[in-house]
Amino acid sequence: MIENCEIKYNQRQAKTGLIVGILFLILAILSRFLGSSPLYFPIGMSALYIAMYFYKKKRSYLEVKDGYIKKDFGPKLLIDDIVDTRRFAGDYIFKTSSEKMVVDKNLIDKNSISDIENLINHIRSKST
1 MIENCEIKYN QRQAKTGLIV GILFLILAIL SRFLGSSPLY FPIGMSALYI AMYFYKKKRS
61 YLEVKDGYIK KDFGPKLLID DIVDTRRFAG DYIFKTSSEK MVVDKNLIDK NSISDIENLI
121 NHIRSKST
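The numbering of the sequence shown is my numbering, which starts it at 1 and goes up by one.
Here is the structure:
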């Protein structure tokens, strides 16, 4: 059995979202001080991007826990039920007889790539 681990979100991508959120906030503040009416769209976009940054900072993209793989906003797969693992177009694909989970490698933190590789090797060694 593979130990419990968390696959974190790509922090560089999260920080880019934070910068975009701050830029939207600056745009909203400048528009207010330059005499135009407040722009609610930049304020809303700023709040959205900043909230996404803190969400990605706090939560994990993928959790391996108690024999399950759980994707954030995705399915929960029992590791023993996984019959196939593939890498396709930079994504990792886990298949059971009834479900499929696609893990986007671009959303994974670079330090967590080795954890997901170990998970794939564990699943493949179990199936042989």
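C-beta atoms are modelled at their ideal positions from N, C-alpha and C, and glycine is treated no differently.
As the structure is a prediction and not an experimental result, all values here were calculated from the model.
Burial state of residue 94 is buried, judged by a 10 Å Cβ sphere holding 16 or more other Cβ atoms.
Shown here for residue 84: same chain residues with a beta carbon closer than 6 Å to its own, the five before and five after excluded, namely 95 in chain order.
Where residue 78 is concerned, the enclosing beta strand (DSSP E) starts and stops at 76 to 78. DSSP, read as helix, strand or coil, puts residue 16 in helix. The beta-carbon distance between residue 91 and residue 104, rounded to whole angstroms, is 6 Å. This is short enough to meet the 8 Å contact definition. Contact between the segment 33 to 49 and the segment 59 to 73 is absent: fewer than three C-beta pairs spanning the two stretches fall below 8 Å. Residue 73 sits in coil when the DSSP states are folded into three classes, being neither helix nor strand. Linking residue 19 to residue 26 through their CA atoms gives a straight-line distance of about 10 Å. Per DSSP, residue 108 lies in no beta strand (DSSP E) segment and is marked neither H nor E.
Spatial neighbours of residue 21 in its own chain (CB-CB distance under 6 Å, excluding positions within 5 residues in sequence) are listed in chain order as 46, 49, 50.
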